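If you read the sequence shown in full-length UniProt numbering, its first letter stands for residue 1, the second for the next number, and so on. One structure is given below, encoded as C-alpha cells.
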Amino acid sequence: MDTYDIFKQLTAGVRFTKKRTAPPSKPIGVSAAKETPPQQKPVIKPAEDSDSGEDCSAADDFRLLAETGTSTAENAPKRKKAKKQLSKEQAEQLQRVEEINALRKQNLITVLGKDVPAPIKLFDDLRTSEYKLLPRLLENLSSYGFAQPTPIQMQALPVLLKDRALMACAPTGSGKTLAFLTPIINGLRCHKTTGLRALVLAPTRELAQQIYRECGELTKGTGLRTHFISKVSEAKQQYGPECKQKYDILISTPNRVRFLLQQQPPLLDFKSIEWLVLDEADRLMEEGQNNFKEQLDDIYAACTNPQKRVAFFSATYTVPVAKWALRHLKNLVRVTIGVQNSATDTVKQELLFVGSESGKLLAVREMVRQGLQPPVLVFVQSKERAKQLFEELLYDGINVDVIHAERTQHQRDNCVRAFREGHIWVLICTELMGRGIDFKGVNLVINYDFPPSKISYIHRIGRTGRAGRPGRAVTFFTQDDTANLRSIAQIIKNSGGEVPEYMLQMKKVSKSEAKMRSKKPLDREDITTKIRPETPKNSVKLQKIDKAEKVLKRKGNTDKNSINKAKKLGKMKEQLKGKAPLAKGKAKKSNNASK
Ligand SMILES: Nc1ncnc2c1ncn2[C@@H]1O[C@H](COP(=O)(O)OP(=O)(O)OP(=O)(O)O)[C@@H](O)[C@H]1O
Numbered sequence: 001m002d003t004y005d006i007f008k009q010l011t012a013g014v015r016f017t018k019k020r021t022a023p024p025s026k027p028i029g030v031s032a033a034k035e036t037p038p039q040q041k042p043v044i045k046p047a048e049d050s051d052s053g054e055d056c057s058a059a060d061d062f063r064l065l066a067e068t069g070t071s072t073a074e075n076a077p078k079r080k081k082a083k084k085q086l087s088k089e090q091a092e093q094l095q096r097v098e099e100i101n102a103l104r105k106q107n108l109i110t111v112l113g114k115d116v117p118a119p120i121k122l123f124d125d126l127r128t129s130e131y132k133l134l135p136r137l138l139e140n141l142s143s144y145g146f147a148q149p150t151p152i153q154m155q156a157l158p159v160l161l162k163d164r165a166l167m168a169c170a171p172t173g174s175g176k177t178l179a180f181l182t183p184i185i186n187g188l189r190c191h192k193t194t195g196l197r198a199l200v201l202a203p204t205r206e207l208a209q210q211i212y213r214e215c216g217e218l219t220k221g222t223g224l225r226t227h228f229i230s231k232v233s234e235a236k237q238q239y240g241p242e243c244k245q246k247y248d249i250l251i252s253t254p255n256r257v258r259f260l261l262q263q264q265p266p267l268l269d270f271k272s273i274e275w276l277v278l279d280e281a282d283r284l285m286e287e288g289q290n291n292f293k294e295q296l297d298d299i300y301a302a303c304t305n306p307q308k309r310v311a312f313f314s315a316t317y318t319v320p321v322a323k324w325a326l327r328h329l330k331n332l333v334r335v336t337i338g339v340q341n342s343a344t345d346t347v348k349q350e351l352l353f354v355g356s357e358s359g360k361l362l363a364v365r366e367m368v369r370q371g372l373q374p375p376v377l378v379f380v381q382s383k384e385r386a387k388q389l390f391e392e393l394l395y396d397g398i399n400v401d402v403i404h405a406e407r408t409q410h411q412r413d414n415c416v417r418a419f420r421e422g423h424i425w426v427l428i429c430t431e432l433m434g435r436g437i438d439f440k441g442v443n444l445v446i447n448y449d450f451p452p453s454k455i456s457y458i459h460r461i462g463r464t465g466r467a468g469r470p471g472r473a474v475t476f477f478t479q480d481d482t483a484n485l486r487s488i489a490q491i492i493k494n495s496g497g498e499v500p501e502y503m504l505q506m507k508k509v510s511k512s513e514a515k516m517r518s519k520k521p522l523d524r525e526d527i528t529t530k531i532r533p534e535t536p537k538n539s540v541k542l543q544k545i546d547k548a549e550k551v552l553k554r555k556g557n558t559d560k561n562s563i564n565k566a567k568k569l570g571k572m573k574e575q576l577k578g579k580a581p582l583a584k585g586k587a588k589k590s591n592n593a594s595k
C-alpha cells in the first residue's frame, strides 16, 4: 500500500471541493479556516479583504516565509512513481504523519517551518522523556483543571520546549499566556543567582501585571523568582548591581525596561537572558511616535546571549513583524490557529447605526433600560471622552467606573480589581485595555466609538468570548464612520456573522488612508450633555455679549435686523452657559487627545 492508497483510505467519503467561510464551532477560541487535505500544503487563507494599511495580508506573509525555503506540511515518505510496497517502518512513519496532520487539521493549526515538532493532545503528553516537564509544573498546570490544551498550546508548547524560535498567531482568549510561560519555567527549572534569565514584555502595565500573576501560579513550588517592575524609583534597591536578591524572570513594559537600561550604571543586566517573549508582538513592533519599536530595539540589543530563544505571540500580525522575525530569528517556526487576523468566533458581533453622536448615548441608555448583563466593557477613543461618558452614566445611577492613562497607577489597579471582583458592572475604557486583558466572563463589549482599525476591533471585541465562553459585541456607527465600516463588516462576515450586503460593497479605503485613520481618530462632538462650568474665556465672551445687548436695547430699534441680532446674541449666551448644544464645528474638540 503506498501513500496514495493510505490517503484514499483515510479520506474515504470526504469531499474537498466545498468552500466554507464560517468556521466550525470550537471549544476554545478558534476561528474560521479552510479545510486542508492531508499532504497538501496548508494555505494560510487571509481573512477576506485586507484594506487596512497596518494589516498583514496572510498571503504576503506566506510568501515571505515560503521565500526562505521553509516547509509547511509534515513530510510523509515520498510516493514513488511506481507503486511500491512500504516497509513496516515506512508505514508506521506514514501513519504517524497522517495522525499529526489530522490533529492539526481538526484544530485548525497551520505550521510553517522545518521539522516542526508534533502537536500534543494532552498536557500529560509533556510528561514523556522527550519534553521532561517538571513534575511540579505539571502539577501547577493540572491545578487549573483544564480538560485539554487549547490549539495554540497544543502546537506552541512542543515548539518552544524544543528550543525553537516561534511566531504564534492565535485568536484572542485562546490561552497564549500559558503557552509561553510554561516553556520558560520548564527551561529555567530552578532559581539561580546568575540574575535575570527570562524577559517577558507586554504593551501595557495592566497586561504585564496580569502575566505576572499567572506566572506566580505556574512557578509555585519551583523556587523560581519572578519580578514585575511596579515603580522605576524602587528599581535600584530591587535589582541594582549591589542587590543581593536575584530574580529569574522579569515581566514589564518596554518603556520601563529601557529606562532602567539607560541609567548609569544600568540597573538591569540582560547578558544572561535565555528567553525573550513579546506578548502582543505586533503592537510592540509598531514604529513611529509613541510606539515601542525603538525601545524594543535597545532591549533586544542588550540581550546579548546568542543562545536566547525568542517568541512572538499575538492575535494579529502585520507585515513588518513577519519581516523582522524572518530576518533576525534562526530556526523559526510559524504557528497560526484558524485564519490570521480574524475575530474569535465565540463572539456574536453586531453593528448598530446610531445616527449621530448624541444617538450613541441614547442607544446606551436604551440598552440599559432593556437590561444589561454585566460585566460590560465600553470602549471610547480618548481619555476625554472616557471621562465625559463616565459622568453621564454615573448620573444615570449605573454602577460604572473609568480607566485611562491619566488615572494614577493606584486608581487603575483599584479599578481593574473592582471590575474583576464584580463591584463595578460597566467599565469605560480606552485602547489601553484593548489588548490582552483577561477579565473573566465579560458578557458584552460596546464599541461606543468606532475602532480606528480592524486590528483594534479584533482585540477590543476579544475581551469577551474568552476561553470558549460565548460573548457579545455591539459596535455603534454614524455616518462619519462609514470609511472603516466595510473592513469591520468583512471581519464579522468572515467569522460567520451576518452583515448587510451594502456594507460589503462599500468603497475600499486606500492603505494610506487606513493607516492614517488608525493613527488619528475622528473628530467627534462632545459626549457631555450637562451644563458646562463657566471658564475665564467664556466669561469674557459673556461680558462682550452683555455689552452688545445693552447697546441694542439703548437704541430701542424694532426692525427685523435688530430683532435677529438680539436673538443671535441670546443663543450665543445660552451656548456659552452650556444650556444649549454647541454649534457643530465648535463642539469637536476633545477627541484626539491621547489615551
Ligand atoms: N487549556 C485551557 N483550557 C481552558 N481555558 C484555558 C486554557 N488555557 C488558558 N485558559 C484560560 O483562557 C483565558 C484566556 O487566556 P489568555 O489570557 O492567555 O488568552 P490570550 O490568548 O493571551 O488572549 P489575548 O489575545 O486577548 O491576549 C484565561 O482565563 C485562561 O485561564
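Virtual Cβ for every residue (Gly too), placed ideally from N, Cα, C. None of the values given here were measured: they were computed from a predicted structure.
- Here the alpha carbon of threonine 464 sits roughly 33 angstroms from the alpha carbon of leucine 134.
- Distance check between leucine 201 and each of Ala170, Gly187, Ile229 and Glu217 places Ile229 closest, using alpha-carbon atoms only.
- By the criterion of a C-beta distance shorter than 6 angstroms, alanine 418 is surrounded in its chain by Ile424, once the five residues flanking it on both sides are discounted.
- C-alpha of asparagine 557 to C-alpha of alanine 548: approximately 13 angstroms in a straight line.
- No Cβ-Cβ contact shorter than 8 angstroms links leucine 178 with aspartate 279.
- Sorting Leu377, Ser382, Gln381 and Gln409 by C-alpha distance to the C-alpha of aspartate 401 places Leu377 at the top.
- Boundaries around glutamine 106 are those of the alpha helix (DSSP H), 88–106, since no beta strand (DSSP E) includes it.
- In terms of side-chain proximity, the C-beta atom of arginine 466 is found nearer than 7 angstroms to a non-hydrogen atom of ligand 1.
- The Cβ-Cβ distance between histidine 404 and threonine 430 falls below 8 angstroms.
- A check of alpha carbon separations from aspartate 546 across Ile527, Glu525 and Lys571 identifies Lys571 as the nearest.
- DSSP places aspartate 481 in the helix class (H, G or I) of the three-state scheme.
- Per DSSP, the unbroken alpha helix (DSSP H) holding isoleucine 211 starts and ends at 205–218.
- Using a Cβ distance threshold of 8 angstroms, leucine 276 and lysine 308 count as a contacting pair.
- Check the Cα spacing between glycine 223 and each of His191, Arg197 and Leu250: the tightest is with His191.
- DSSP, reduced to helix, strand and coil, places glutamate 357 within a helical segment of the structure shown.
- Of the other Cβ atoms in all chains shown, fewer than 16 fall within 10 Å of the Cβ of arginine 127; this residue is therefore exposed.
- Distances between the C-beta of serine 495 and the heavy atoms of ligand 1 are all 7 angstroms or more.
- Cβ contact annotation for tyrosine 247 (same chain, cutoff 7 angstroms, sequence separation greater than five): Leu196, Arg225, Thr226, His227 and Tyr239, in chain order.
- Beta-carbon to beta-carbon, glutamine 155 and valine 97 are separated by about 15 angstroms, too far to satisfy the 8 angstroms threshold.
- By the C-beta density criterion, lysine 553 is exposed, having fewer than 16 other C-beta atoms within 10 angstroms.
- When the five nearest sequence neighbours on each side are left out, the beta carbons in the same chain lying within less than 6 angstroms of the beta carbon of valine 499 are those of Ala489, Ile492 and Lys493, in order along the chain.
- DSSP places methionine 154 in the uninterrupted alpha helix (DSSP H) bounded by 151–161.
- Out of Glu366, Gln209 and Arg517, the CA that lies nearest to the CA of valine 354 is found in Glu366.
- Excluding residues up to 5 positions away in sequence, Ser314, Thr316, Tyr317, Thr318 and Val321 lie with their Cβ nearer than 6 angstroms to the Cβ of aspartate 282 in the same chain.
- For the options Lys541, Pro470, Gln543 and Leu427, the alpha carbon positioned closest to that of leucine 393 is the one of Leu427.
- Residue state for serine 142 is assigned as helix, using DSSP reduced to three classes.
- Note that the segment 444–463 touches the segment 330–343; at least 3 beta-carbon pairs, one per stretch, sit closer than 8 angstroms.
- When only Cα atoms are considered, alanine 118 and leucine 137 end up about 21 angstroms apart.
- The C-alpha of leucine 260 is placed about 26 angstroms away from the C-alpha of proline 183.
- The C-beta distance from proline 149 to leucine 157 rounds to 7 angstroms, short enough to fall under 8 angstroms.
- Less than 8 angstroms divides the Cβ of phenylalanine 123 from the Cβ of leucine 141.
- Secondary structure of threonine 177 (DSSP, three-state): helix.
- Residue environment for alanine 325: buried (at least 16 other C-beta atoms within 10 angstroms of its C-beta).
- Under the three-state reduction of DSSP output, arginine 369 falls in the helix class.
- DSSP places alanine 147 in the coil class of the three-state scheme, outside both helix and strand.
- Beta bridge pairing from DSSP links valine 335 with Val111 and Ala168.
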